[in-house]
DNA sequence: TGCACGATGAAC
DNA sequence: TTCATCGTGCAC
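Written as structure tokens, this is what we have:
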């Protein structure tokens, strides 16, 4: 169990997205450790990516995306769910990886397939927005992988408005895993 | 100051 | 396919 370094996040977003698969997301809350194995992610490549929030420019909400890598970008969606993202690449690049599904590891209640449910089960809300993922209470760690991971590439979910960006296969998940949000 | 809409999930 | 529910971004 080794916490990911700043350098891990400060790289090409697609590479970071793919390598996040199989890693463990950990949130320590009230002395209790909640953890899930990341099995599905989506890459949001920056202001030029019409599906990315940062394509709206630097606003109070998207500020975190424009900040340094290795921080959490948490936002409210549809007025009722939160989505958890990891900021990637150098400061100002405004790219991130959305965590879409995890496989329960410890102390997760309810389903975890889908970005809203991941946050619900992990107790992630807007208070964790801009939180440093190199902290001790909210971070991502690598674990010794038993079998090699086979990665499936698919178009991202719910971004049909993003013109040609909607077609790009920037959603990645572990082949055959039972906890991904959609087939 | 108002309003349309979303990186969702569950029900119908 | 519809709805719950509200912050954000943009039009006026």
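Residue numbers (this note's numbering): 16 to 198.
Glycine included, each C-beta is placed from N, C-alpha and C at the ideal position.
All of these numbers come straight from a predicted model, not from anything done at the bench.
Inset, instruction - Pull up the distance between the alpha-carbon of residue 60 and that of residue 67, whole angstroms please. - result: 7 Å
Legend entry - Those runs of the alpha helix (DSSP H) which lie wholly inside the region 108-174 and span at least 4 residues: 130-137
Inset, instruction - Helix, strand or coil for residue 207, going by three-state DSSP, please let me know. - result: The structure shown has nothing for residue 207, since the chain only spans 16 to 198.
Legend entry - Straight-line Cα distance separating residue 95 from residue 140: 11 Å
Inset, instruction - Tell me, please, which residues DSSP counts as bridged to residue 39. - result: 52, 156
Legend entry - As assigned by DSSP and simplified to three states, the class of residue 16: coil
Inset, instruction - Determine, using beta-carbon pairs with one atom in the region 105-118 and one in the region 46-55, whether at least three such pairs fall under 8 Å. - result: yes
Inset, instruction - Less than 8 Å between the CB atoms is what I'm expecting for residue 46 and residue 92, so what's the real figure, rounded? - result: With 8 Å as the limit, residue 46 and residue 92 do not qualify as a contact, their Cβ atoms being about 29 Å apart.
Legend entry - Whether residue 27 touches residue 105 by CB criterion (8 Å): no
Inset, instruction - Flag this pair as yes or no: are the beta carbons of residue 195 and residue 35 separated by less than 8 Å? - result: no
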